[in-house]
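Visitor: Line order of the protein sequences matches chains L and P. Each step along the first sequence adds one to the number in the working numbering, with nothing skipped, and position 443 is 443. Each step along the second sequence adds one to the number in the working numbering, with nothing skipped, and position 17 is 1017. Ideal placement from N, C-alpha and C gives every residue a C-beta, glycine not left out.
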Amino acid sequence: MNFYKQTYHLFAIKAPKIHTDLLWDLSFLFIGLSVIYFTLVFIHKKRLAKRLERIKQHKNELSPMISEFLFYEDDASKADKAVYLNLKIEIRQLILNKFNRNVLSDVLLDLSKDLSGETQNRIFELYKDLGLHQDAFKMLKSWRWELVSKAIQDLTRMQVSEAYSFITKFINDKRPTIRKQAEIAIVSLKYEGINYFLDTTKYKISEWQQLKLLDVIRNRADYQPPVFSAWLTSTNNHVVLFALRLIKFYNQNNANASLIQLLKHKNTNIKLEAIACIKEFYVTEAMDTLKLVFWKSSTDIKIAILDTIAELGSEDDIEFLELIERKISNFAVTSKALSSINAISPGWILPTKDIVETTENTIPEDLPTINEAVISTIKQPDSPLDPINSTINDLKENLGNSETLVTVEENKESKVTLEHTTEEITDTVSEIDVTHNEETKDHASKVIDTNKNKSNTEISTVNIDFLPIVILKTDQEQKSAIKNSTFYKPDDLFEPQSLKYTYDKKSELEDQDKSDTNDFWKNVNVDFLPLVIGNSEKTSTSATSKNNTPDKPLNSISVLFEEVTATPFEEVKNSASNINFESYNTTEINNIPTFSEEILVPEASENAVRDFDVIDPVFLAPLKNKQKERPMNDMFTAKYTKQQTDVAMTPQDEEKFKEILNSLIAIENDKNLEKNEVKDDSTKTSLEFDNEAIDITFIPLVTEDEETLNDIKKEAPEQPKEDQVRKEEPEFKATIPKAIITNKLVSTPDFIDENSEEATLQLLDDIEEMGDQREVPLLNEMIKNTKYQHVTSRLSQLIERFSDDEVVIGLVENEAENITLKPFNVFEDLFRVCDTEAKLILLDEVAAVGDAGDIAFLEGLLSNEDQDISKQANIALEAVQSRLLLDVTPTDDTPIKEIEVGENSKAVEEENFEEYNSLMEELEIDSPKAPSGVFDIDFEVEFVNQTTENELVIEKPSTKKIKTKSNSESIIDQICSFSHKIIDKFNG
Amino acid sequence: MTKKRLLLVEDDELLASLLNFRLTKGGYDVRISRDGRAVKEALAKEIPDIIVSDIMMPYFSGMELIGFVRNDLQSSVPIIIISSAGNEENVLNAFEIGANDFIPKPVSPSELLIRVARLMK
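#1: Buried or exposed: which applies to W231(L), given that a residue is buried once 16 or more other Cβ atoms fall within 10 Å of its Cβ?
#2: Counting only beta-carbon atoms, is E116(L) nearer than 9 Å to chain P?
#3: Assuming G227(L) contacts S234(L) (C-beta within less than 8 Å), just tell me the rounded distance between them.
#4: How would you write the range of the beta strand (DSSP E) that I1079(P) sits in, first residue to last?
#5: Exposed or buried, R144(L), counting other C-beta atoms within 10 Å across all chains shown (16 or more means buried)?
#6: Which residues does DSSP pair with L1008(P) in a beta bridge?
#7: Express the C-alpha separation of A221(L) and D307(L) in angstroms, rounding to a whole number.
#8: Work out the CA separation of E1046(P) and S1061(P) for me, nearest whole Å.
#9: Could you check the C-alpha separation between Y282(L) and L312(L) for me, to the nearest Å?
#10: So, is the C-beta of F1021(P) closer than 9 Å to a C-beta in chain L?
#11: Looking only at its chain, what residues have a beta carbon closer than 6 Å to the beta carbon of S206(L), apart from the 5 residues adjacent to it on each side?
#12: May I ask you to verify whether the region 864-880 of chain L touches the region 109-122 of chain L, counting CB pairs closer than 8 Å and requiring at least 3?
#13: Verify the CB distance criterion: does K1003(P) have a CB-CB separation below 9 Å to chain L?
#14: Which residues bound the beta strand (DSSP E) around F1102(P)?
#15: Tell me the DSSP bridge mates of S115(L)?
#16: Quick check on G1026(P): does DSSP put it in helix, strand or coil?
#17: What are the residues in the region 84-111 of chain L lying within 8 Å of chain P by C-beta distance?
#18: Taking all protein chains shown into account, do 16 or more other C-beta atoms lie within 10 angstroms of the C-beta of D154(L), making it buried, or fewer, making it exposed?
#19: Is the Cβ of S905(L) closer than 9 Å to any Cβ of chain P?
#20: Could you tell me whether any Cβ in chain L is nearer than 9 Å to the Cβ of V1107(P)?
#21: Please report whether the beta-carbon of L1065(P) lies at a distance below 9 Å from any beta-carbon of chain L.
#22: According to DSSP, simplified to helix, strand and coil, what is V103(L)?
#23: Kindly say whether E989(L), judged by its beta-carbon, lies nearer than 9 Å to any beta-carbon of chain P.
#24: Strictly below 8 Å CB to CB, what residues from chain P border T156(L)?
#25: Under the assumption that I260(L) contacts E285(L) (Cβ atoms under 8 Å), give the Cβ distance between them as a whole number of angstroms.
#26: Are the C-beta atoms of K1025(P) and some chain L residue less than 9 Å apart?
#27: So, L830(L) versus R794(L), is the Cβ gap smaller than 9 Å?
#28: DSSP on P225(L), reduced to helix/strand/coil?
#29: Can you say whether Q789(L) is buried or exposed, counting buried as having 16 or more other CB atoms within 10 angstroms of its CB?
#30: What are the residues of the region 115-139 of chain L that lie near chain C, defined by any Cβ-Cβ distance shorter than 8 Å?
#31: Between the alpha carbons of N102(L) and E53(L), how many angstroms are there, rounded?
#32: Using the beta-carbon of each residue, which ones in chain P are nearer than 8 Å to N219(L)?
#33: Taking Cβ-Cβ distances shorter than 8 Å, what residues in chain P pair up with K59(L)?
#34: Mind checking D851(L): buried by the 16 CB within 10 Å criterion, or exposed?
#35: Who are the Cβ neighbours of D1035(P) in its own chain at under 7 Å, not counting the five residues just before and after it?
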């Protein structure tokens, strides 16, 4: 320490003189700043957490609502339908709030990720149905890139194909995130998107982006890829590269010329991709170009070219490859060239390194004989086969004085039989346990090198009868067998699996060595062996084929496996002769009970059926068949020479009908005559319309004939009473031609009656949808002419409705500043599509939440045919009107007035509410209890300013509002509790 | 006729709610557990007739849940695994440790209902 003190003196560094107060001030300042900072962070975090909590809460509240929507089925129960309708109304109210709309949008997007199938499709539909995609469209106009990108992503995920044209604008956007998002969107939204993208993009397409685009394309259902070679001419290299990859992916091998041309491209990646395509599609025409391009390419491309030549090339190309090997110094390239040569012609290039010269090698002459070199000790397993044991003992005696080099363990049973299966042979060979030492190895090699001929002689003296099927056919084969055998080829001593055997079938063996083997086999008792039947041909074939290829390793012999049961031959023979085929009950198979019905079709009926092909029976009047269901027995027992059919028809129609039939018959006859002029008369007559077959009794039918009509109506099946809407439909539309009933007021075609009730109602529907007050004269005229009661009521409804419109439009002309268009009525929209029960429920809703805009709709329903609906409409109308009367007319000073629904209801007559409640009870409808929170509707009821008594002018919702009180109960609950409240009030 | 009890283990509240709705509509008495700890508590009280579980959950993965049910509880209750990680390794692993079925995400609620019904047979 002293040393440092003495050595270094920090003269230059001095602490600055700062006033202590300043230091304190600064400290306080920083403390204050940090407190402010942390406070702000805390507040921000708190706010963020609160917001997230709120979103989460809203999501949880919305999820059951969405579930209801997603899993709603048309055949749902009444309660479900009621809930569905309520939800639909509520959700429309809910999405008026932007926050709720965003949350709902997020919920749908989240769910679309986790769900698939039909549910996912419903999510897409719901997203569009609620108009949430409009928000995304607005976001597309934002200057903030993240919003635009999110909007594109949302529209893509929800499959809003309408957004395609909007998103195409961003395909060449400068901002890469938006551009990439737009590329994926375009390819996802429409099939032709990929075409547009490849046509127009000017920017780089990254590898990752290419993968994503490819993923989008290949996952599209029923996608038919365009011909991508069209984009090989693009000026954008990235497009060319992507097109090449797509060509390869979709195997579009129709662009060979372009591919060859692209080999000369400057861009390495394109060149590599083109080479890959050439290799993939086996474009042999590209060989010359590949060779030309080779010399000036980079190493990677050279290797790729050589790889392609190896695949496509022939022996003519070897010269080129050898040239490369000589000229190119790069090891990777030369190595590839050599491997390519060997790929084209295997064995063309042989290994040269570390190979010893053997031309000067001489063969040594003083090698020992084979008996001295090879000694085998054969273990004798216990066996009942004495002849074999004796043979083995003989062999041992012959080889008794030699050293033990090879120990062979064999299964005697498998050795004995000449009918070895190939499997057994393989097993036996593989079981050979070979031991060796260096001395033996050397010795054996000497034997092979020097005394080949000698050894051949020697081995022929060895008695190898015990070896069952190893037979040498010729001398040459014998030599090769000896050469390759375990005993004489030292190299193979290490590899018992590579032993090679030559063998032949039994007959050939007998020919060669009859004297020995015949005697031997006569003594052998082979009864214990399994009887091999029916495989001789295959075995002999395989044996012969193996004989032709003596050097084939045993392991590679093809083996036919057959499970053989060890049964003595005599027993088999006896059992085969004793088989009694009659014992098998073959008749049972033939007597499987089958059910068939023979239906007798009388000739006349057959003709009649045939003739119906050309007669459209729809226009015919209903069959007035008194005997509706004839028993089947009667039908078959009766003689069907004549079929009585009564058809209600006017005399004019009768004539017309006959004319049509005759003309059809004439046409048919003419055709047949042309085909075959010489024809039997009987055939001709068969083609004539057999009036006898169907006897049609034409009954004059006019509107005056009320009895007939009534009869027909009685016979017609009644429509189910439950569905009142269906009841409104004409009951006999399919059976009674309306033109006949209306007594030909209008001359109409036979098949279509434009004056029918159905057609008129259809027309009225169209008028209602598209018409306005100008249709009133037409409607008045129609009301005079129509005879249908239902049509009359419908016409009067329409006239009334259009008359109201007229008043409104009249006001528009007078007061241009007011909004004059008929407001969109959510109830009316729903009312059209639902059934009676749902309509009643909907009217309850109108009674509860309806406003001035619903009055016209309710008034229109007062004249409804259905008593329940008209009654309910009346109640709802009174409820709405009474509520509106109670409302204090707002002045400019009080633009917003809060009122409570419960208090408003005081004005409603008690009688009406009793009626309402009783109706609810009748319908067995429970007031749907909505979940807390989101179902508490905070309605912003549109205020209606009544300027005059009859003129209703709707003001903008933003100007004057009436707020309802928000509490934990739903509107329905509140309404239901009115009666109790009123009673409570009366009771003080 | 008593409803079959189904334990749905899913941390995503939205998806859980939706599947709950569908399965309830399909006639099951559905209990939902959000994480592994809740599952353990629920299983300690009663073992349901079938378990539908996600793999990735807080505290306790779906795989651990299978092990817990099969080894600790010694129960052979059918278990269906739902996961977005539907790679081969996960699927094989799930089946190996005792899952009865595996449904990759995105899941079709109708398909899930059918698979549940099949296992309940």
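Guide: Let's see:
#1: Stepping through the first sequence from its first residue, residue 231(L) is reached at position 231. By the neighbour-count rule (16 or more Cβ atoms within 10 Å), W231(L) is buried.
#2: Counting from 1 along the first sequence, the entry for residue 116(L) is found at position 116. Going by the sequence as given, residue 116(L) is Ser instead of Glu. Judged by the 9 Å Cβ criterion, S116(L) is in contact with chain P.
#3: Reading the first sequence from its first residue, position 227 is the one you call residue 227(L). Reading the first sequence from its first residue, position 234 is the one you call residue 234(L). Looking at the sequence provided, one finds Val at residue 227(L) rather than Gly. Between S234(L) and V227(L) the Cβ distance is about 14 Å, and since that is not below 8 Å, they are no contact.
#4: Mapped onto the second sequence, residue 1079(P) falls at position 79. Unbroken beta strand (DSSP E) run through I1079(P): I1079 to S1083.
#5: Numbered from 1 along the first sequence, position 144 holds the residue referred to as residue 144(L). Answer is exposed; the Cβ neighbour count stays below 16.
#6: Here the question's residue 1008(P) lines up with position 8 in the second sequence. According to DSSP, L1008(P) bridges with I1032(P) and V1052(P).
#7: Sequence index remark: in the first sequence, residue 307(L) carries index 307 (1-based). Sequence index remark: in the first sequence, residue 221(L) carries index 221 (1-based). Straight-line Cα distance between these residues: approximately 36 Å.
#8: Indexing the second sequence from 1 puts residue 1061(P) at position 61. Indexing the second sequence from 1 puts residue 1046(P) at position 46. Their backbone Cα atoms lie some 20 Å apart in a straight line.
#9: For the purposes of this step, residue 282(L) is identified with residue 282 of the first sequence, where counting begins at 1. For the purposes of this step, residue 312(L) is identified with residue 312 of the first sequence, where counting begins at 1. Roughly 6 Å between the two C-alpha positions.
#10: Taking the second sequence and counting its residues from 1, the one referred to as residue 1021(P) is at position 21. With 9 Å as the cut-off, F1021(P) counts as an interface residue toward chain L.
#11: In the first sequence, the residue the question calls residue 206(L) occupies position 206. Once the five neighbours on either side are set aside, S206(L) has no close Cβ partner at all.
#12: no
#13: Counted from its first residue, the second sequence places residue 1003(P) at position 3. Chain L, which has no Cβ nearer than 9 Å to the Cβ of K1003(P), makes this no.
#14: For the purposes of this step, residue 1102(P) is identified with residue 102 of the second sequence, where counting begins at 1. Its beta strand (DSSP E) spans residues D1101 to P1104.
#15: In the first sequence, the residue the question calls residue 115(L) occupies position 115. According to the sequence displayed, residue 115(L) carries Leu and not Ser. Bridge partners of L115(L): V1107(P).
#16: Here residue 1026(P) refers to the residue found at position 26 of the second sequence. Looking at G1026(P) - three-state DSSP - the assignment turns out to be coil, as it is neither helix nor strand.
#17: V107, D110 and L111
#18: Translated into the one-based positions of the first sequence, residue 154(L) becomes position 154. Buried, because 16 or more other Cβ atoms sit within 10 Å of the Cβ of D154(L).
#19: For the purposes of this step, residue 905(L) is taken as residue 905 along the first sequence, with counting starting at 1. At S905(L) the pLDDT is 41, less than 50, meaning the model places this residue with poor confidence and gives no usable figure here.
#20: The residue labelled residue 1107(P) in the question sits at position 107 within the second sequence. V1107(P) counts as touching chain L.
#21: Residue mapping note: residue 1065(P) aligns to position 65 of the second sequence, counting from 1. No, L1065(P) does not count as interfacial toward chain L.
#22: Residue 103(L) sits at position 103 when you count from the first residue of the first sequence. Residue state, collapsed to three classes: helix.
#23: Residue 989(L) lies beyond the stretch modelled for chain L, which goes from 1 to 988, so this question has no answer here.
#24: To locate residue 156(L), count along the first sequence from 1; it is residue 156. Those do not exist, as T156(L) stays about 16 Å from chain P at its closest Cβ, beyond 8 Å.
#25: For the purposes of this step, residue 260(L) is identified with residue 260 of the first sequence, where counting begins at 1. For the purposes of this step, residue 285(L) is identified with residue 285 of the first sequence, where counting begins at 1. Yes, I260(L) and E285(L) are in contact; Cβ-Cβ is about 7 Å, under 8 Å.
#26: Here residue 1025(P) corresponds to residue number 25 of the second sequence, with the count starting at 1. So, interface residue.
#27: In the first sequence, the residue the question calls residue 830(L) occupies position 830. In the first sequence, the residue the question calls residue 794(L) occupies position 794. No, the pair does not count as a contact, with Cβ atoms beyond the cut-off.
#28: Mapped onto the first sequence, residue 225(L) falls at position 225. Residue state, collapsed to three classes: coil.
#29: If you number the first sequence from 1, residue 789(L) lands on position 789. Exposed, because fewer than 16 other Cβ atoms sit within 10 Å of the Cβ of Q789(L).
#30: Among the protein chains in the structure shown, which are L and P, there is no chain C.
#31: By 1-based counting over the first sequence, the position of residue 102(L) is 102. By 1-based counting over the first sequence, the position of residue 53(L) is 53. So the alpha carbons of these two residues sit roughly 15 Å apart.
#32: The residue labelled residue 219(L) in the question sits at position 219 within the first sequence. Near N219(L) there are no residues of chain P at all, since even the closest Cβ is about 13 Å away, more than 8 Å.
#33: Position 59 of the first sequence holds residue 59(L). Simply E1013 and L1014.
#34: The residue you call residue 851(L) lines up with position 851 of the first sequence. By the neighbour-count rule (16 or more Cβ atoms within 10 Å), D851(L) is buried.
#35: Here residue 1035(P) is taken as the residue at index 35 of the second sequence, counted from 1. Excluding sequence neighbours, D1035(P) sits near D1011, M1057, P1058, Y1059 and F1060.
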